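Residue numbers (our numbering): 249 to 412.
Glycine included, every Cβ here is placed at the ideal spot set by N, Cα and C.
This one's a predicted model, so the numbers in the text were calculated from it and none came from an experiment.
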């Protein structure tokens, strides 16, 4: 009679962490869709509602990346899951990328609500147009981080499906 090898069940913290990575990927996709769909309208019209919506989704994505980083570190510490450690490192990098883009997000929301003095202090000596042109690297990093977040989510969902 052949020996059957049982797959180890997914531990509770690791399962919860996989579900949180999927939620974070949903936030990443919604943030990118809103960013690309509404950014031209925000720059042209200065709409407060659209700016607030994009800013709030960006902040929620930033917080979800921070939560996933903490949950990944906790899962690694308590359950010795190496995949959680790798995902935790990815989410720490995403938090850093979000911090790189926070200045631009603050500039957008402050400009939409008419706080021109605060925008001038935030931008510094360069004008707003030069500041926006200088955002190529942070924006590209944000896009890359969100795409990597999406890949991590696919791997996490595959892990959840495989172990059920």
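(request) Determine, using beta-carbon pairs with one atom in the segment 319 to 338 and one in the segment 297 to 310, whether at least three such pairs fall under 8 Å. (result) no
(request) Pick helix, strand or coil for residue 329, following the three-state DSSP scheme. (result) Within the chain shown, numbered from 1, the residue matching residue 329 stands at position 81. In this structure, residue 329 counts as coil in the three-state DSSP scheme.
(message) Please identify the residue among 411, 412, 397, 410 whose C-alpha is closest to the C-alpha of residue 270.
(response) For the purposes of this step, residue 270 is taken as residue 22 along the chain shown, with counting starting at 1. Closest by alpha carbon: 397.
(request) State yes or no: is the C-beta of residue 313 within less than 8 Å of the C-beta of residue 346? (result) Position 65 of the chain shown, counting from 1, holds the residue named residue 313. Position 98 of the chain shown, counting from 1, holds the residue named residue 346. Closer than 8 Å, so yes.
(request) Apply the 10 Å Cβ neighbour rule to residue 252 and answer buried if 16 or more other Cβ atoms are within range, or exposed otherwise. (result) What you label residue 252 is simply residue 4 of the chain shown in a count that begins at 1. Classification for residue 252: exposed.
(request) Compute the distance between the beta-carbons of residue 317 and residue 340, then report whether it is under 8 Å. (result) Your numbering for residue 317 matches position 69 in the chain shown. Your numbering for residue 340 matches position 92 in the chain shown. Going by C-beta atoms, residue 317 is nearer than 8 Å to residue 340.
(request) Could you give the DSSP three-state label for residue 250: helix, strand or coil? (result) For the purposes of this step, residue 250 is taken as residue 2 along the chain shown, with counting starting at 1. Note: residue 250 maps to coil in three-state DSSP.
(message) Counting beta carbon pairs with one atom in the segment 278 to 290 and one in the segment 318 to 328, are three or more of them shorter than 8 Å?
(response) no
(request) Express the C-alpha separation of residue 327 and residue 359 in angstroms, rounding to a whole number. (result) Here the question's residue 359 lines up with position 111 in the chain shown. Here the question's residue 327 lines up with position 79 in the chain shown. Their backbone Cα atoms lie some 46 Å apart in a straight line.
(request) Can you tell me which of 361, 255, 330, 392 puts its alpha carbon nearest to the alpha carbon of residue 349? (result) Locating residue 349 in the chain shown gives position 101, where the first residue counts as 1. The option with the nearest alpha carbon to residue 349 is 392.
(request) Compute the distance between the beta-carbons of residue 388 and residue 353, then report whether it is under 8 Å. (result) Position 140 of the chain shown holds residue 388. Position 105 of the chain shown holds residue 353. No. Outside cutoff.
(request) Have a look at residue 408 and residue 308 and give me their C-alpha separation to the nearest angstrom. (result) Start at 1 with the first residue of the chain shown, and residue 408 comes out as number 160. Start at 1 with the first residue of the chain shown, and residue 308 comes out as number 60. Approximately 24 Å, taken between the alpha carbons.
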